[in-house]
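Participant: As numbered in full-length UniProt numbering, residues 1 to 269 make up the sequence shown, in order. Backbone N, C-alpha and C define an ideal beta-carbon position, used for all residues, glycine too.
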Amino acid sequence: MHYLAEHQSFSTTQELNSAIYTHIKRNTYELNDTDRLTLKAIARYAVKFAGAAHLKATTLAGLIEKSEKTARRALAKLAELGIVKKIATARKVNGGKGANIIVILPPGESEPGLQNTAGDQSSLSSRQVGAKPTESNAEPTKIVNEPSDSINPLKNKNLKDTSIPASALKKALPSDMYDAMSIYFEAEDIYKYYGILLRAKRSIKRDLMIEDNPEPFVTTWHNAILKAKQGKIRNLSDYLYRAWQEATSKASREIYAKENHIYDWIGGE
Numbered sequence: 001m002h003y004l005a006e007h008q009s010f011s012t013t014q015e016l017n018s019a020i021y022t023h024i025k026r027n028t029y030e031l032n033d034t035d036r037l038t039l040k041a042i043a044r045y046a047v048k049f050a051g052a053a054h055l056k057a058t059t060l061a062g063l064i065e066k067s068e069k070t071a072r073r074a075l076a077k078l079a080e081l082g083i084v085k086k087i088a089t090a091r092k093v094n095g096g097k098g099a100n101i102i103v104i105l106p107p108g109e110s111e112p113g114l115q116n117t118a119g120d121q122s123s124l125s126s127r128q129v130g131a132k133p134t135e136s137n138a139e140p141t142k143i144v145n146e147p148s149d150s151i152n153p154l155k156n157k158n159l160k161d162t163s164i165p166a167s168a169l170k171k172a173l174p175s176d177m178y179d180a181m182s183i184y185f186e187a188e189d190i191y192k193y194y195g196i197l198l199r200a201k202r203s204i205k206r207d208l209m210i211e212d213n214p215e216p217f218v219t220t221w222h223n224a225i226l227k228a229k230q231g232k233i234r235n236l237s238d239y240l241y242r243a244w245q246e247a248t249s250k251a252s253r254e255i256y257a258k259e260n261h262i263y264d265w266i267g268g269e
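(1) Could you check what DSSP says for V218 in three-state terms: helix, strand or coil?
(2) My assumption, with CB atoms under 8 Å, is that A200 sits in contact with Y239. Please give the rounded CB distance.
(3) For G231, count the other beta carbons within 10 Å of its own beta carbon; 16 or more makes it buried, fewer makes it exposed. Which is it?
(4) From the DSSP output, in three-state form, read off H2 for me.
(5) Which residues share a DSSP beta bridge with A53?
(6) So, under 8 Å CB-CB, D35 and A74 are touching, yes? Tell me the CB distance rounded to an integer number of Å.
(7) Since A180 contacts A168 with CB under 8 Å, what's their CB separation in whole angstroms?
(8) Please classify N100 as buried or exposed, where buried requires at least 16 other C-beta atoms within 10 Å of its C-beta.
(9) Since A57 contacts H7 with CB under 8 Å, what's their CB separation in whole angstroms?
(10) For L173, which residues of its own chain have a beta-carbon under 8 Å away from its beta-carbon, when the five flanking residues on both sides are left out?
(11) Relative to the alpha-carbon of D207, which residue among T12, G62 and S252 has its alpha-carbon at the smallest distance?
(12) In terms of DSSP beta bridges, what is V84 paired with?
(13) For T28 and Y3, I'd like the C-alpha separation in whole angstroms.
(14) Spatial neighbours of K192 within its chain, please: C-beta separation below 7 Å, excluding the five flanking residues on both sides.
(15) Which of helix, strand or coil does DSSP assign to G231?
(16) Counting C-beta neighbours from all protein chains within 10 Å, is the total for A243 16 or more, i.e. buried, or is it exposed?
(17) Give every residue of the same chain whose Cβ lies closer than 6 Å to the Cβ of I83, excluding the five residues on either side of it in the sequence, and list them in chain order.
(18) Could you give the DSSP three-state label for S167: helix, strand or coil?
(19) Figure out for me which residue from E30, S11, T12 and L39 has the closest Cα to the Cα of Y21.
(20) Ordered along the chain, which non-local residues of its own chain (more than five positions away) have a Cβ less than 7 Å from that of K155?
(21) Report the rounded CA-to-CA distance for A71 versus R234, giving the unit in angstroms.
(22) Of the residues A50, K229 and K205, which one's Cα is nearest the Cα of Y256?
(23) How is Q14 classed by DSSP in three states: helix, strand or coil?
(24) Just to confirm before moving on: does the CB-CB distance between A41 and L60 stay below 8 Å?
(25) By how many angstroms is the C-alpha of K48 removed from the C-alpha of L55?
(26) I'd like to know whether the C-beta atoms of A247 and P106 end up nearer to each other than 8 Å.
(27) Is it the case that the CB of L75 approaches a heavy atom of the ligand COA more closely than 7 Å?
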């Protein structure tokens with residue numbers, strides 16, 4: 001039996017796909033682009049034995065095209081959030097530390113911050129490894145949705161292009177905002193920008209419901225996308241945050257006026 005088989009955490013690649021999507025969704029605000037890219041890279045190496053991969057830090061760094069330090073930091077963050085578990089291995093020859101086996105955990109199986117305990121870091125014996133601990137030589141089979149595509153170690157150009165369909169969020173967002181955002185982006189970017197909207201709204205009026213007056217937010221979104229396409233915006237995220245703060249103030253005033261029946265007494269309305 002291959003040594004990774006005993007660490008397999010999912011029965012099928014479809015279950016792995018679903019777990020990756022759920023982890024990204026649940027940790028929208030905690031994960032940055034590098035963290036998400038790292039998780040996808042691990043997932044692509046964890047196809048043959050669904051959920052388990054044997055990856056060197058240098059290899060992981062090459063996959064995400066970042067420094068080894070950045071790769072280690074992203075991996076540590078994923079472990080802290082309870083998304084992955086790192087299992088240390090021993091080198092067969094000299095008994096030193098080998099590359100980690102990285103196990104992607106089913107959502108909800110463990111609490112964030114409980115990884116990297118002594119139990120999780122138990123070393124594999126020479127009998128368990130049976131071969132020099134390196135990445136699996138078997139070609140990952142192609143799977144649907146996230147994660148997908150076979151990988152070319154150190155030069156994977158598909159990671160950043162793979163996306164979750166926008167339709168996955170249709171029931172998660174206010175319908176007007178979903179309709180506006182799904183024109184331009186798939187799920188991962190929609191979550192990113194909708195998260196910015198929520199933070200901007202909370203900074204002005206936490207209890208305001210977007211559904212009560214979506215027009216200012218939708219208009220702000222379309223105007224921002226237009227300006228971005230025209231090259232008038234240097235940082236779309238920063239621009240949206242400020243613009244949505246203004247939209248929140250506008251929506252709040254309009255809702256207040258509507259609820260309190262503020263009339264134009266001079267005009268006799």
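Facilitator: In this structure, then:
(1) As a first step, residue 218 must be located in the sequence shown, where it is residue number 218. Residue state, collapsed to three classes: helix.
(2) Stepping through the sequence shown from its first residue, residue 200 is reached at position 200. Stepping through the sequence shown from its first residue, residue 239 is reached at position 239. Wrong, their Cβ atoms sit about 11 Å apart, outside the cutoff.
(3) In the sequence shown, counting from the first residue as 1, residue 231 sits at position 231. Burial state of G231 is exposed, judged by a 10 Å Cβ sphere holding fewer than 16 other Cβ atoms.
(4) Translated into the one-based positions of the sequence shown, residue 2 becomes position 2. In the structure shown, H2 sits in coil (DSSP, three-state: anything other than H, G, I, E or B).
(5) Your numbering for residue 53 matches position 53 in the sequence shown. Answer is I102, bridged to A53.
(6) Sequence index remark: in the sequence shown, residue 35 carries index 35 (1-based). Sequence index remark: in the sequence shown, residue 74 carries index 74 (1-based). Yes, they are in contact, since the Cβ atoms of D35 and A74 sit about 5 Å apart, within 8 Å.
(7) In the sequence shown, residue 180 corresponds to position 180, counting from 1. In the sequence shown, residue 168 corresponds to position 168, counting from 1. The Cβ separation is near 17 Å, so there is no contact.
(8) Within the sequence shown, residue 100 is the residue found at index 100, counting from 1. N100 comes out buried.
(9) On the sequence shown, position 57 is the one that residue 57 refers to. On the sequence shown, position 7 is the one that residue 7 refers to. Contact flag wrong, Cβ pair sits at about 18 Å.
(10) In the sequence shown, residue 173 corresponds to position 173, counting from 1. Answer for L173: M181, I190 and Y194, listed in chain order.
(11) The sequence position of residue 207 within the sequence shown is 207, counting from 1. Cα-wise, what sits closest to D207 is S252.
(12) In the sequence shown, residue 84 corresponds to position 84, counting from 1. DSSP lists I104 as partners of V84.
(13) Taking the sequence shown and counting its residues from 1, one reaches residue 28 at position 28. Taking the sequence shown and counting its residues from 1, one reaches residue 3 at position 3. Between T28 and Y3, the C-alpha separation is close to 33 Å.
(14) Working through the sequence shown from its first residue, we reach residue 192 at position 192. Cβ neighbours of K192 beyond the five flanking positions: none.
(15) As a first step, residue 231 is located in the sequence shown; it is residue number 231 there, counting from the start. If DSSP states are grouped into helix, strand and coil, G231 belongs with coil.
(16) One-based indexing of the sequence shown puts residue 243 at position 243. Its Cβ being crowded by 16 or more others within 10 Å, A243 is buried.
(17) By 1-based counting over the sequence shown, the position of residue 83 is 83. For I83, where only same-chain residues beyond five positions count, the Cβ hits under 6 Å are H23.
(18) Translated into positions along the sequence shown, residue 167 becomes position 167. S167 falls in the helix class under three-state DSSP.
(19) The count along the sequence shown starts at 1 and reaches residue 21 at position 21. Measuring from the Cα of Y21, the nearest candidate turns out to be L39.
(20) Position 155 of the sequence shown, counting from 1, holds the residue named residue 155. Low confidence applies to K155: its pLDDT is 36, below 50, so where it sits in the model is not reliable, and the reading given next is rough at best. Around K155: no qualifying Cβ.
(21) If you number the sequence shown from 1, residue 71 lands on position 71. If you number the sequence shown from 1, residue 234 lands on position 234. Each residue's Cα considered, the two are about 27 Å apart.
(22) Start at 1 with the first residue of the sequence shown, and residue 256 comes out as number 256. Cα-wise, what sits closest to Y256 is K205.
(23) Counting from one through the sequence shown, the residue named residue 14 turns up at place 14. The answer is helix: DSSP assigns Q14 an H, G or I state.
(24) Position 41 of the sequence shown, counted from the start, is the residue given in the question as residue 41. Position 60 of the sequence shown, counted from the start, is the residue given in the question as residue 60. Yes, they are a contact pair.
(25) Indexing the sequence shown from 1 puts residue 55 at position 55. Indexing the sequence shown from 1 puts residue 48 at position 48. For L55 and K48, the distance between alpha carbons rounds to 14 Å.
(26) The residue you call residue 247 lines up with position 247 of the sequence shown. The residue you call residue 106 lines up with position 106 of the sequence shown. A247 is not a Cβ neighbour of P106, given a cutoff of 8 Å.
(27) You won't find the ligand COA in this model; it holds no ligand whatsoever.
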